[in-house]
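Please read the structure below before turning to the comments.
Numbering (our numbering), first residue to last: 1 to 213.
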């Protein structure tokens with residue numbers, strides 16, 4: 001899935017730039033597509049996960065509009081209360097799969113991808129606009145983890161599984177001490193070799209498609 005996204009990244013950027021005026025509406029559309037894909041195409045996860053990447057591309061393309069919206073929140077009478085309320089809402093949305101699992105039939109549990117994806121997107125917005133969140137997320141360690149997070153997401157599973165398979169049985173309880181730092185190392189190397197070049201290519205495409213001021 002991650003490799004497919006890397007190949008589709010220039011196309012995502014192209015579409016996001018062209019459609020950035022309706023970015024907010026498209027966030028809801030993409031979340032709905034993810035839910036439909038999760039339920040209807042459970043054996044083909046592309047429609048479940050690719051919409052999340054599309055939302056990220058929309059946020060990047062519509063950054064000036066999104067920034068203006070965040071400034072309106074911060075100019076409100078009680079911005080701190082607003083960010084706390086949004087954090088509560090985002091948490092409820094993000095955990096919807098677990099809270100709704102007891103009342104939904106198993107075949108329909110995939111519809112929770114809709115609120116979960118909206119919650120994740122809202123947390124991104126909070127990270128961009130809330131001063132408290134920004135202070136925490138701009139610490140050096142967190143920034144580095146954020147930089148390699150996508151590459152880490154792509155590479156951690158084979159590392160964790162491989163370590164668990166290769167360690168002798170008496171050392172299985174210590175697999176986390178090996179797999180965590182090894183996953184971070186592999187994720188960083190993948191970022192340097194694959195993800196960063198893909199980002200550079202997407203920026204070239206964006207500059208060519210964005211009209212000169």
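From the three backbone atoms N, C-alpha and C, an ideal C-beta is built for every residue, glycine too.
Check                                                                                                                                                                    : Outcome
Check for me: the alpha helix (DSSP H) holding residue 209 runs from which residue to which?                                                                             : 196 to 209
Would you decide whether residue 176 is buried or exposed? Buried here means 16 or more other CB atoms lie within 10 Å of its CB.                                        : exposed
Classify residue 100 as helix, strand or coil using the three-state DSSP reduction.                                                                                      : helix
Look up residue 10 in the DSSP assignment and say whether it is helix, strand or coil.                                                                                   : helix
Check whether the stretch 124 to 136 touches the stretch 106 to 116, counting contact only when three or more Cβ pairs, one atom from each stretch, lie closer than 8 Å. : no
Is the beta carbon of residue 26 less than 9 Å from the beta carbon of residue 70?                                                                                       : no
Compute the beta-carbon to beta-carbon distance between residue 61 and residue 113, rounded to the nearest angstrom, for a pair I have assumed lies under 8 Å.           : Contact doesn't hold; Cβ gap of about 23 Å is too wide.
Can you tell me whether residue 218 is buried or exposed? The criterion is at least 16 other CB atoms within 10 Å of its CB, across all chains shown.                    : Nothing about residue 218 can be reported from this structure: the residues present for the chain run from 1 to 213 only.
Please say whether residue 47 and residue 37 have beta carbons closer to each other than 9 Å?                                                                            : yes
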